[in-house]
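Residue numbers (my numbering), protein chains in the order written: chain A, 1 to 465; chain B, 1001 to 1069.
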């Protein structure tokens, strides 16, 4: 059988339809990689081997019978373990839900099944998508394949690990303050947080209702575009779901950036003492390459980053506390220490504090929209540094090295794209931010950066070869 | 603008808020939680006094007509 571990989603689809490989072969190869690589990396909380093989058998039978469900037909994927899966344990990586078996699928799981996808299993997360990396939970934290002594970032930790270690090409994450884009940045992957309301959140355990977004992590921009094509759209059972037409996300991937206008909110990262020189040099190199490729790239002014971060935190904490209050009252010690310590402070936010944060959200969203009237997209960094070691993890709430939460506050689509390796061998990335519901432009610019940066030529961690 | 509440007052306020919320923070975790609370207070202070009465929050909503069946 051909080596399938580096095939893109599109290439796997072509091979399936050409008869060069079967969905069952793709699934068995992925399961073998998981068996070989996961013990040292701990991406998977549960491998659903029987389900994967059943999904793959169905995909093969349908293709043979002439039924083609589209680009995800027969493609292996995995889900962060906060996505409900009917009959399959969904733990939120927590002792509180370690035996929880949902009766129905999340909207995303339903769509991926209907699209012919092959579910490999459920992935590690920071507990309830907020507390980690932790060693006081029922499962160990996922490790960074680029260097297992380093963290992945969170909270979609297992999703990033599984893809960077080439176990799977695409996995779903969730992003409340950067939980897709952060792990993508620190693990050398593409991670998109679509516009708020673009993908249904139904059946995904909430952290903060008005900041939560679902989205994929993947090896390439094209993989992410194909996945969003399957998942985007109105869900009347998600109160935040948007009723906005879904364009062809792959149509613009090869158009390049000639004639585009891109704004850079340089003050976001240039004045941050935590920014390492390689990250600044990385985005400046990308800006130069974009200009050479015909884009106009200019510095732009947005409100202070601190205001975005404050609004995000003051919105997130009371919403999270409201979700967890009853459990925290009864069984606080069943939470991991990091989760509990972070969530309980939400009790201290007054109604006026919360409303002030919502006033800030309106102001900040208007400010970003005003800048985007003059630019096709914004470009900033995803993280100020490379992935820290497990023995020196950052406090991702009070002094986060991520530059991601502004666009959870405003709801704009934002995607992290890797652009190179720092001298320590760990990935650095940039972040593209689009107009609301203009993920197609984010993918177009991201695809150009992927190629201009030479990321295509970067070899993934040697141990995974 | 940073929050300037003295540490003792901050701790007393925090204890009161936890009691009101029905939360018992173990003594072993108190220092870490108080640190998180102090940081959150600084974030809150950034947003305090910034807006006049005309500045409406983002969750102000509008209704659509309901059609009869």
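Glycine included, each C-beta is placed from N, C-alpha and C at the ideal position.
- A residue is called buried when at least 16 other Cβ atoms come within 10 angstroms of its Cβ; residue 1060 of chain B does not meet this threshold and is exposed.
- Here residue 167 of chain A is not near residue 223 of chain A, since their CB atoms are 8 Å or more apart.
- Take residue 1018 of chain B, set aside five residues on each side of it, and the residues of its chain with a beta-carbon closer than 7 Å to its own are 1025, in chain order.
- Residues of the segment 311-342 of chain A that bring their beta carbon within less than 8 Å of a beta carbon in chain B comprise 311, 313, 314, 317, 321, 325, 328, 329, 332, 333, 337, 340, 341 and 342, in sequence order.
- Counting along the chain, residue 418 of chain A sits inside no alpha helix (DSSP H); it lies in the beta strand (DSSP E) bounded by residues 414-421.
- Close to residue 307 of chain A, with beta-carbon spacing below 7 Å, are these residues of chain B in chain order: 1046.
- Residue 1056 of chain B has a beta carbon lying within less than 8 Å of a beta carbon in chain A.
- Per DSSP, residue 183 of chain A lies in no beta strand (DSSP E) segment; the continuous alpha helix (DSSP H) that holds it begins and ends at 181-187.
- Residues of chain B with a Cβ closer than 9 Å to the Cβ of residue 365 of chain A are, in chain order, 1058.
- Contact between residue 402 of chain A and residue 230 of chain A does not hold, since their C-beta atoms are separated by about 27 Å, which reaches or exceeds 8 Å.
- Boundaries for residue 429 of chain A: no alpha helix (DSSP H) harbours it, while the beta strand (DSSP E) harbouring it runs 427-434, taken from the DSSP string.
- In the DSSP assignment, the residues bridged to residue 402 of chain A are A:383.
- Under the Cβ distance rule, residue 435 of chain A does not count among the residues neighbouring chain B, no pair being separated by less than 8 Å.
- Membership of residue 316 of chain A in any beta strand (DSSP E) is not indicated; the residue belongs instead to the alpha helix (DSSP H) covering 305-331.
- With respect to the C-alpha of residue 426 of chain A, the residue from A:14, A:278 and A:69 having the closest C-alpha is A:278.
- Rounded to whole angstroms, the gap between the alpha carbons of residue 1037 of chain B and residue 175 of chain A is 23 Å.
- With a cut-off of 8 Å on Cβ pairs, the segment 297-310 of chain A is not in contact with the segment 1003-1020 of chain B, counting fewer than three such pairs.
- Going by DSSP, residue 446 of chain A is part of the alpha helix (DSSP H) stretching over 439-452.
- Look at residue 1037 of chain B here: in three-state DSSP terms it is helix.
- Judged by DSSP in its simplified three-state form, residue 268 of chain A adopts helix.
- Ranking A:365, A:372, A:394 and A:100 by CA distance to the CA of residue 406 of chain A puts A:365 first.
- Residue state for residue 117 of chain A is assigned as coil, using DSSP reduced to three classes.
- By the neighbour-count criterion, in which a residue is buried when 16 or more other Cβ atoms sit within 10 angstroms of its Cβ, residue 2 of chain A is exposed.
- Its chain contains 299 as the residues whose beta carbon lies nearer than 7 Å to that of residue 266 of chain A, once the 5 sequence neighbours on both sides are disregarded; these appear in chain order.
- When the beta-carbon positions are compared, residue 118 of chain A and residue 27 of chain A come within less than 8 Å of each other.
- Within a 10 Å sphere around the beta-carbon of residue 133 of chain A sit 16 or more other beta-carbons, which makes this residue buried.
- Look at the segment 429-453 of chain A: it has no residue with a C-beta under 7 Å from a C-beta of chain B.
- Going by DSSP, residue 218 of chain A is part of the beta strand (DSSP E) stretching over 213-218.
- Taking a C-beta distance under 8 Å as the contact criterion, residue 18 of chain A and residue 70 of chain A do not qualify as a contact pair.
- At a beta-carbon threshold of 7 Å, the residues of chain B lying near residue 358 of chain A are 1057, 1058 and 1059, ordered along the chain.
- For the segment 188-215 of chain A, residues whose beta-carbon sits nearer than 8 Å to a beta-carbon of chain B comprise 210.
- For residue 1043 of chain B, the neighbours in chain A by C-beta distance under 8 Å run, in chain order, 309, 310, 313 and 314.
- Excluding sequence positions up to five before and after residue 264 of chain A, its CB lies within less than 8 Å of the CB of 283, 287, 297, 298, 299, 300, 378, 379 and 380, all in the same chain and listed in chain order.
- For a Cβ distance threshold of 8 Å, nothing in chain A lies close to residue 1012 of chain B: the least Cβ distance comes to about 12 Å.
- Against chain B, a Cβ distance below 8 Å from residue 347 of chain A picks out 1017, 1018, 1020, 1021 and 1023.
- Distance check between residue 326 of chain A and each of B:1054, B:1050 and B:1022 places B:1022 closest, using alpha-carbon atoms only.
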